[in-house]
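Asker: So the sequence shown is residues 21 to 278, counted in the numbering used here.
Here a beta-carbon is modelled for each residue, glycine too, at the ideal position from N, C-alpha and C.
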Amino acid sequence: MQNQQQDDKMELSSSQQVEFIDKFMGSPVLSIIEDLYNIAQAFISDGYDHFQQTLLNHIISSNPNMTKDEAKEIDRMLDDAVERMFNMSIQSLNSQFDIFEQFVKTYCFNEPQIPTECQESFCKLVNQDIMELNNEASNTVEDEDILKLISEINQIQEQTNSSYSELCQGITQSRQLLLQRQEIDKHLLYYHENVQKIDFIHEKLRHFSIDLEETIKSLIEQGKKLHEQYVNTKQVYEQFFGLPAREADAKESYFLRK
């Protein structure tokens, strides 16, 4: 019974566990985790900035005829796309570091219960061990977890690089489609102008055909009148000069041929 009471006394309460974890985590451990996080975040940020600038320079150099407005629009599109990918990477990074921090805390809770009177000494020893591990170049069991985390970060970076490649291809294809559309618009404008010219010429020809038809009708009427005048003249000529009918017919044929 006395042993049971001693065990109960040695077992930490929930508030004591939290206080102990705060002591155990201490500034050295928190500093290491924060430094790792800041380095990873800076690496991701610099990588995105470098990628955006490199891609923009490549697009501009590949299109010497690009206007300033087009360059600004592409830069804005890149800003939006890179910002979305950066936020996704930071969310993933936060998730990974939350898992890592939770692992450290869980590891602390899984340690054998330390008597209250020994907690302070134990915390000092733990902090000292952490400082030594931080200064050593050799890997320990705890370092393997850090290496695993770095490996996961590298995998995320590879996925990000793949997204970079897809983004580059998408922007290049969009640029090509834009140029093709501009070329098609030029051809459509050219065809539209020519169709208008053809319609104008067609309308002119229609008016000309109407005028020509009227002219032909007028010539036919004049021909009829001339023929009537010829017949009348022939009759008068026969009456005054008494020419034979055959000769008169011959002259009529002659005038008709004329």
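For the segment 190 to 203 against the segment 107 to 126, do three or more pairs of beta-carbon atoms, one drawn from each stretch, fall closer than 8 Å, so that the two count as touching?
Answerer: Because the criterion of three Cβ pairs below 8 Å is not met, the segment 190 to 203 and the segment 107 to 126 do not touch.
Asker: What does the alpha-carbon distance come out to for the pair tyrosine 274 and tyrosine 250?
Answerer: Along the sequence shown, read from residue 1 onward, the residue named residue 274 stands at position 254. Along the sequence shown, read from residue 1 onward, the residue named residue 250 stands at position 230. Low confidence applies to tyrosine 274: its pLDDT is 49, below 50, so where it sits in the model is not reliable, and the reading given next is rough at best. Tyrosine 274 and tyrosine 250: Cα-Cα distance of roughly 12 Å.
Asker: In angstroms with no decimal places, state the Cα-to-Cα distance between arginine 104 and serine 82.
Answerer: For the purposes of this step, residue 104 is identified with residue 84 of the sequence shown, where counting begins at 1. For the purposes of this step, residue 82 is identified with residue 62 of the sequence shown, where counting begins at 1. Approximately 25 Å, taken between the alpha carbons.
Asker: Throw me the rounded Cβ distance for the tyrosine 57 and phenylalanine 117 pair, which I believe falls under 8 Å.
Answerer: The count along the sequence shown starts at 1 and reaches residue 57 at position 37. The count along the sequence shown starts at 1 and reaches residue 117 at position 97. With a Cβ gap of about 5 Å, tyrosine 57 and phenylalanine 117 count as contacting.
Asker: State the Cα-Cα distance for the pair glutamate 203 and lysine 88, rounded to the nearest angstrom.
Answerer: Translated into positions along the sequence shown, residue 203 becomes position 183. Translated into positions along the sequence shown, residue 88 becomes position 68. Going from the Cα of glutamate 203 to the Cα of lysine 88 covers about 20 Å.
Asker: Quick check: what's the CA-CA separation for glutamate 258 versus glutamate 248?
Answerer: Stepping through the sequence shown from its first residue, residue 258 is reached at position 238. Stepping through the sequence shown from its first residue, residue 248 is reached at position 228. Distance between the alpha carbons of glutamate 258 and glutamate 248: 15 Å.
Asker: Tell whether a beta-carbon distance below 8 Å holds between isoleucine 173 and alanine 60.
Answerer: Here residue 173 refers to the residue found at position 153 when the sequence shown is read from its first residue. Here residue 60 refers to the residue found at position 40 when the sequence shown is read from its first residue. Against a cut-off of 8 Å, the Cβ pair of alanine 60 and isoleucine 173 comes out as a contact.
Asker: Tell me the DSSP secondary structure of threonine 253 in three-state form.
Answerer: By 1-based counting over the sequence shown, the position of residue 253 is 233. Correct three-state label for threonine 253: helix.
Asker: Measuring only the C-alpha atoms, how far is proline 84 from leucine 98?
Answerer: Stepping through the sequence shown from its first residue, residue 84 is reached at position 64. Stepping through the sequence shown from its first residue, residue 98 is reached at position 78. Their Cα atoms are separated by approximately 19 Å.
Asker: Whole angstroms is fine: what's the gap from asparagine 214's alpha carbon to isoleucine 230's?
Answerer: Working through the sequence shown from its first residue, we reach residue 214 at position 194. Working through the sequence shown from its first residue, we reach residue 230 at position 210. About 24 Å.
Asker: Using a Cβ-Cβ cut-off of 8 Å (strictly less than) and excluding sequence neighbours within five positions of glutamate 241, which residues of its own chain qualify?
Answerer: By 1-based counting over the sequence shown, the position of residue 241 is 221. There are no such residues.
Asker: Give me the Cα-Cα distance between lysine 254 and lysine 245, rounded to the nearest whole angstrom.
Answerer: Position 234 of the sequence shown, counted from the start, is the residue given in the question as residue 254. Position 225 of the sequence shown, counted from the start, is the residue given in the question as residue 245. Using only the alpha carbons, I get a separation of about 14 Å.
Asker: With a CB to CB cut of under 8 Å and the five nearest residues on each side skipped, what residues in its chain are close to phenylalanine 260?
Answerer: Working through the sequence shown from its first residue, we reach residue 260 at position 240. Contacts found: none.
Asker: So, with DSSP's three-state summary, where would you put methionine 86?
Answerer: Locating residue 86 in the sequence shown gives position 66, counting from the first residue. Here methionine 86 sits in coil by DSSP.
Asker: Just tell me which of Ile236, Ile53 and Arg96 has its CA closest to the CA of isoleucine 191.
Answerer: Along the sequence shown, one-based indexing puts residue 191 at 171. The residue with the shortest Cα to Cα distance from isoleucine 191 is Arg96.
Asker: Nearest-angstrom Cα distance between glutamate 121 and aspartate 55?
Answerer: Within the sequence shown, numbered from 1, the residue matching residue 121 stands at position 101. Within the sequence shown, numbered from 1, the residue matching residue 55 stands at position 35. Each residue's Cα considered, the two are about 13 Å apart.
Asker: I'd like the list of long-range same chain contacts for cysteine 282, defined as Cβ closer than 7 Å, with 5 residues on each side in sequence excluded.
Answerer: For residue 282 there is no data in the structure shown, the boundaries of the chain being 21 and 278.
Asker: Roughly how far, in whole angstroms, is the beta-carbon of leucine 113 from the beta-carbon of isoleucine 64, given that I think they are within contact range, below 8 Å?
Answerer: By one-based count along the sequence shown, residue 113 stands at place 93. By one-based count along the sequence shown, residue 64 stands at place 44. With 8 Å as the limit, leucine 113 and isoleucine 64 qualify as a contact, their Cβ atoms being about 7 Å apart.
Asker: In whole angstroms, what is the alpha-carbon distance linking glutamate 186 and isoleucine 119?
Answerer: Start at 1 with the first residue of the sequence shown, and residue 186 comes out as number 166. Start at 1 with the first residue of the sequence shown, and residue 119 comes out as number 99. Cα to Cα, glutamate 186 sits roughly 29 Å from isoleucine 119.
Asker: Quick check on DSSP: helix, strand or coil for glutamate 258?
Answerer: As a position in the sequence shown, residue 258 is number 238, starting the count at 1. DSSP places glutamate 258 in helix when its eight states are reduced to three.
Asker: On the criterion of 16 or more Cβ atoms from any shown chain inside 10 Å, does isoleucine 79 qualify as buried, or is it exposed?
Answerer: In the sequence shown, the residue the question calls residue 79 occupies position 59. Isoleucine 79 is buried by the Cβ-count criterion.
Asker: Rounded to whole angstroms, what is the Cα-Cα separation between tyrosine 68 and histidine 207?
Answerer: What you label residue 68 is simply residue 48 of the sequence shown in a count that begins at 1. What you label residue 207 is simply residue 187 of the sequence shown in a count that begins at 1. Roughly 40 Å between the two C-alpha positions.
Asker: Beta-carbon separation of glutamine 73 and valine 102 under 8 Å?
Answerer: As a first step, residue 73 must be located in the sequence shown, where it is residue number 53. As a first step, residue 102 must be located in the sequence shown, where it is residue number 82. Not in contact: glutamine 73 and valine 102 (Cβ atoms no closer than 8 Å).
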